[in-house]
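Peer 1: Before I ask anything, let me first share the structure, which is written out below as C-alpha cells.
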Amino acid sequence: MVTQRSNSEATVRWPTDADRQEQLDTLKPAPKVISFEGISKSYLRNAGRTLVRHRLKSWLTGAPAETFCALKDVTFEVLSGVSLAVVGANGAGKSTLLRLAAGLAAPDSGRVRVQGTIAALMELGAGFHPDLTGTENVLLNAALLGLTRKQTYEQFDSIVEFSGIKDFIDEPLRTYSSGMMLRLAFSVAVRANPDILLIDEILSVGDQQFQRKCIDEIKRLKSAGSTLVCASHATAMLRELCQQALWLEHGEVRMSGSTATVLDCYESDGRVL
Amino acid sequence: MLNSNLIFLLQNLVLKDFRIRYRNMSLGVAWSVANPLLMMGILTFVFTRILPNPSIHHFALFVLCALVPFNFYSLASSAGTVSLLENQSLIKRVKCPRAIFPIASVLSTSLHLLIQFALLIGLLLIFGHQVNRYWFWLPVILGTEVVFMCGVCLMTAPLDIYYRDVRYLVEASALIMFWLVPIFYSLKMIPSRYQLLYTLNPIAAVALTFRQILLDAKAPSAGLLFQLSVVPLVFLAIGLAVFRSLERELADYL
Numbered sequence: 445m446v447t448q449r450s451n452s453e454a455t456v457r458w459p460t461d462a463d464r465q466e467q468l469d470t471l472k473p474a475p476k477v478i479s480f481e482g483i484s485k486s487y488l489r490n491a492g493r494t495l496v497r498h499r500l501k502s503w504l505t506g507a508p509a510e511t512f513c514a515l516k517d518v519t520f521e522v523l524s525g526v527s528l529a530v531v532g533a534n535g536a537g538k539s540t541l542l543r544l545a546a547g548l549a550a551p552d553s554g555r556v557r558v559q560g561t562i563a564a565l566m567e568l569g570a571g572f573h574p575d576l577t578g579t580e581n582v583l584l585n586a587a588l589l590g591l592t593r594k595q596t597y598e599q600f601d602s603i604v605e606f607s608g609i610k611d612f613i614d615e616p617l618r619t620y621s622s623g624m625m626l627r628l629a630f631s632v633a634v635r636a637n638p639d640i641l642l643i644d645e646i647l648s649v650g651d652q653q654f655q656r657k658c659i660d661e662i663k664r665l666k667s668a669g670s671t672l673v674c675a676s677h678a679t680a681m682l683r684e685l686c687q688q689a690l691w692l693e694h695g696e697v698r699m700s701g702s703t704a705t706v707l708d709c710y711e712s713d714g715r716v717l
Numbered sequence: 024m025l026n027s028n029l030i031f032l033l034q035n036l037v038l039k040d041f042r043i044r045y046r047n048m049s050l051g052v053a054w055s056v057a058n059p060l061l062m063m064g065i066l067t068f069v070f071t072r073i074l075p076n077p078s079i080h081h082f083a084l085f086v087l088c089a090l091v092p093f094n095f096y097s098l099a100s101s102a103g104t105v106s107l108l109e110n111q112s113l114i115k116r117v118k119c120p121r122a123i124f125p126i127a128s129v130l131s132t133s134l135h136l137l138i139q140f141a142l143l144i145g146l147l148l149i150f151g152h153q154v155n156r157y158w159f160w161l162p163v164i165l166g167t168e169v170v171f172m173c174g175v176c177l178m179t180a181p182l183d184i185y186y187r188d189v190r191y192l193v194e195a196s197a198l199i200m201f202w203l204v205p206i207f208y209s210l211k212m213i214p215s216r217y218q219l220l221y222t223l224n225p226i227a228a229v230a231l232t233f234r235q236i237l238l239d240a241k242a243p244s245a246g247l248l249f250q251l252s253v254v255p256l257v258f259l260a261i262g263l264a265v266f267r268s269l270e271r272e273l274a275d276y277l
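For the record, the sequence lines run as chains A and B. Numbering-wise, the first sequence is residues 445 to 717 according to the numbering used here. Numbering-wise, the second sequence is residues 24 to 277 according to the numbering used here.
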C-alpha cells in the first residue's frame, strides 16, 4: 500500500502563508501522510489528582502513578487521498488516536508523523465560545485553523451558506442546537481546505440531509487530495467514505486493512457477542 | 514565527476576550472607567479626611497615577492565569502555539489599561496639567508593563493547569501588590534601604515614572527606566522558558 513516502520529518505545524498559498495554487498536492510508529499513550488515573499532597506522597513513597493505557503500540500509516476509518467499542482508543494525530497530545513512546495542514472536528462545541455569535465564532475558528484574514473574508459567505443557518448567524452560540453547532463547525473546517480532516463521531448529530451534504463535501475534499480520518459507529457512512479501516480494541490494533474486510469482521463480531 | 495568520488569530482572541467580558452587562466598558474612579474616590477620602498626608498635593491624581498600573496588574494577572483553562475548548480543537492564549489575554486586558490611562490623562488635563515632552516616554513605559505581565502569565497560566490553586496565589499577589506599590504613599516615605527593592517591582516603577512625568513634569529617572527595561524582559524570558517546559503535557490535564 505504500507507494511513496517523504523522508522529511515535518511534524504537525502551524501553516505558513506559503503553505496556504501552495495549497491554493497546486491542484494536486504532494502525497502527505500520517504515520504512527509504535505509539503508546497512557493517561494518569484520577486525572483530578493534581494536588500537591498527591505529588508529594508519590514522590516520597516512590509509588508509581496509576495510569490507564489508552493506546498500546499502535502502528499504521495513511497516504494522501486515502481515507481511514477507525472503529471500535467505546473506550477502545479512537479519540486518543485522533488527538495524537491532530497533535493535541504527545505520545509516551513512538513517533507520530503528520504532514500537512489539519482540521479536526473532535468534540461538539470545541473551538466555539457560547457567548459569541455565530459570525464571531466563525472568524475565531477560521483564525484557529490558520486562515489569514483575507482567506477568511473570502470564504465567509460560503461557510455560512454551507452551514444553512444564515438566519441565526448573529445569535449567540449558546442558543444553538447541537445540530446547528455541528453545521457551523463542519462548514468552517471544510472551507479551510485542510490536507487532513479528522472527524470524531460528531457527524451523527446532523440530520439526514446535512449528513448527505457532509459526505458529498468530504468526497470533494478527497478528490482534491485531502485525507480523511474518521472515527465513527456509522459503518454505512464509513464504507462509503473510506478505503482503509483500523479496528481498535482495548487500545490495540485488532485488525487493519480494506474497509470492507475490516468492517465485515467488526460487525459480525458485534453480533456474536 | 510571527506570520500573518498568527497575528489574525491573536487579534481574534483579543477581540473575543474583550467582547465576552462585557457582553452581557448593561454598562459595558463603562465599568473599566468606574472601577478606578471609585477606588480613587475612596482612597482620596480616607487619606485626605481621615489620615491626611500634607506632603502630597492633589491626592486624587497622585493615587490615580499608581492605580492605573496596579489595576492592570490585577486584571491581567487574573485573566492571564486562567486563560488556558478558559480557552480549553479552543486548545482541544486545534494545534497552534499555545503561548498565544495567555498573551492574547494580557493584550485584551491592556485595552482596559488604555481606557484607564486615557481617563488619567483626561483628568490631568482637566485639572490644568500641561503636556510636556517627557510624555513621549509614556507609551514605552506602558509597553514595559504589558511585557512584564505577559512574562508573569506565561508562568502562571500553565502552572494553573497542573495546580488549580495557582489562581488564588495570584489573587493574593494582587492584594500584596496593593500595599507594596506606593499607591497611597510616596516613595520618600519608604526607608531608603528598601527603596531599591521597591522599585525593582515593575508595577511600582511604572507608577513612580508616571508621577515624575505627569505630576512633576520631569524626565523619568534613568535608574527607573533601566530597571523597567531589564526586569520585564527577564520575566518574559523566564515565562517563555517555563511555558515551553510545561506545554507538552498540557492537553492531558485539561
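Note that CB positions come from ideal geometry on N, CA and C, so glycine has one too.
(1) Flag Ile-126(B) as yes if its beta-carbon sits less than 8 Å from any beta-carbon of chain A, otherwise no.
(2) Ordered along the chain, which non-local residues of its own chain (more than five positions away) have a Cβ less than 8 Å from that of Leu-60(B)?
(3) From Leu-641(A), Lys-594(A) and Arg-555(A), pick the residue whose C-alpha is nearest to that of Lys-516(A); which is it?
(4) Does the beta carbon of Phe-41(B) come closer than 8 Å to any beta carbon on chain A?
(5) Please give me, in chain order, every unbroken run of the alpha helix (DSSP H) with length at least 4 that falls completely inside the segment 534-569 of chain A.
(6) Can you tell me whether DSSP reads Phe-512(A) as helix, strand or coil?
(7) If I measure Cβ to Cβ from Gln-34(B) and keep anything under 8 Å in the same chain, skipping five residues before and after, which residues do I get?
(8) Are the Cβ atoms of Asn-110(B) and Phe-93(B) separated by less than 8 Å?
(9) Taking the Cβ atom as the reference point for each residue, do Val-518(A) and Ile-483(A) lie within a distance shorter than 8 Å?
(10) Applying the criterion that 16 or more other CB atoms from any shown protein chain within 10 Å of the CB defines a buried residue, is Gly-560(A) buried or exposed?
(11) Tell me which same chain residues have a C-beta within less than 7 Å of the C-beta of Lys-472(A), skipping the five on either side of it?
(12) With 7 Å as the C-beta to C-beta threshold (strictly closer), list the residues of the segment 118-146 of chain B near chain A in chain order.
(13) Under the three-state reduction of DSSP, which class applies to Lys-472(A): helix, strand or coil?
(14) Can you tell which of Glu-696(A), Gly-695(A), Trp-691(A) and Val-697(A) has the C-alpha that lies nearest to the C-alpha of Ala-704(A)?
(15) Determine the contact status of Ile-478(A) and Ala-545(A), defining contact as a CB-CB distance below 8 Å.
(16) Within 10 Å of its beta-carbon, does Lys-39(B) have 16 or more other beta-carbons around it, so buried, or fewer, so exposed?
(17) If you count every other CB in all the chains shown that lies within 10 Å of the CB of Phe-68(B), and 16 or more means buried, which is it?
(18) From Arg-627(A) to Asp-651(A), what does the alpha carbon distance come to, in whole angstroms?
(19) Between Phe-630(A) and Ser-607(A), what straight-line distance do the alpha-carbon atoms span, to the nearest angstrom?
(20) What does Ser-112(B) touch in chain A if you count any residue whose Cβ is under 8 Å from its own?
(21) Can you list, in chain order, the residues of its chain whose CB lies under 6 Å from that of Ile-126(B), leaving out five sequence neighbours each side?
(22) Between Glu-711(A) and the rest of its own chain, which residues show a CB-CB distance below 8 Å, the 5 nearest in sequence each way excluded?
(23) Verify the contact flag: Glu-168(B), CB atom, against every heavy atom of the ligand SAM, threshold strictly below 7 Å.
(24) Following the continuous beta strand (DSSP E) through Ala-529(A), name the residue where it begins and the one where it ends.
(25) Closest Cβ-Cβ distance between Phe-31(B) and chain A: below 8 Å?
(26) Hey, could you find the ends of the beta strand (DSSP E) Asp-644(A) is sitting in?
(27) Can you tell which of Asp-552(A), Leu-589(A), Ile-659(A) and Ile-646(A) has its C-alpha closest to the C-alpha of Lys-485(A)?
(28) Would you say Asp-183(B) lies against chain A (beta-carbon separation less than 8 Å)?
(29) Check Ile-603(A) in the structure and name its three-state DSSP category.
(30) If you count every other CB in all the chains shown that lies within 10 Å of the CB of Pro-181(B), and 16 or more means buried, which is it?
(31) Throw me the rounded Cβ distance for the Ala-675(A) and Asp-644(A) pair, which I believe falls under 8 Å.
(32) Going along chain B, which residues have a C-beta under 7 Å from Ile-646(A)?
(33) Taking C-alpha atoms, which residue in His-498(A), Ser-648(A), Leu-542(A) and Ala-636(A) lies nearest to Tyr-186(B)?
(34) Would you identify the three-state DSSP class for Glu-693(A), choosing helix, strand or coil?
(35) By DSSP's criteria, Val-673(A) is part of a beta bridge. Which residues make up the other side?
(36) Can you tell me which of Asp-614(A), Arg-635(A) and Met-681(A) puts its alpha carbon nearest to the alpha carbon of Ser-648(A)?
Peer 2: If we stick to the structure as given:
(1) no
(2) Leu-142
(3) Arg-555(A)
(4) no
(5) 538-545
(6) strand
(7) none
(8) no
(9) yes
(10) buried
(11) With a pLDDT of 49 at Lys-472(A), under the threshold of 50, the modelled position of that residue is not reliable, and no figure is offered here.
(12) Lys-118, Cys-119 and Pro-120
(13) Confidence at Lys-472(A) is low in this model, with a pLDDT of 49, below 50, so the placement of that residue should be treated as unreliable; the coordinate-derived value is given next. Of the three classes helix, strand and coil, the one that applies to Lys-472(A) here is coil, per DSSP.
(14) Trp-691(A)
(15) yes
(16) buried
(17) exposed
(18) 10 Å
(19) 8 Å
(20) Glu-567, Gly-569, Ala-570, Gly-571, Phe-572 and His-573
(21) Cys-173
(22) Thr-679
(23) Absence of the ligand SAM from the depicted structure is noted, as is the absence of any ligand whatsoever, leaving it without description.
(24) 528-531
(25) yes
(26) 640-644
(27) Asp-552(A)
(28) no
(29) helix
(30) buried
(31) 5 Å
(32) Result: empty, since nearest Cβ-Cβ is about 12 Å, beyond 7 Å.
(33) His-498(A)
(34) strand
(35) Leu-528(A) and Leu-642(A)
(36) Met-681(A)
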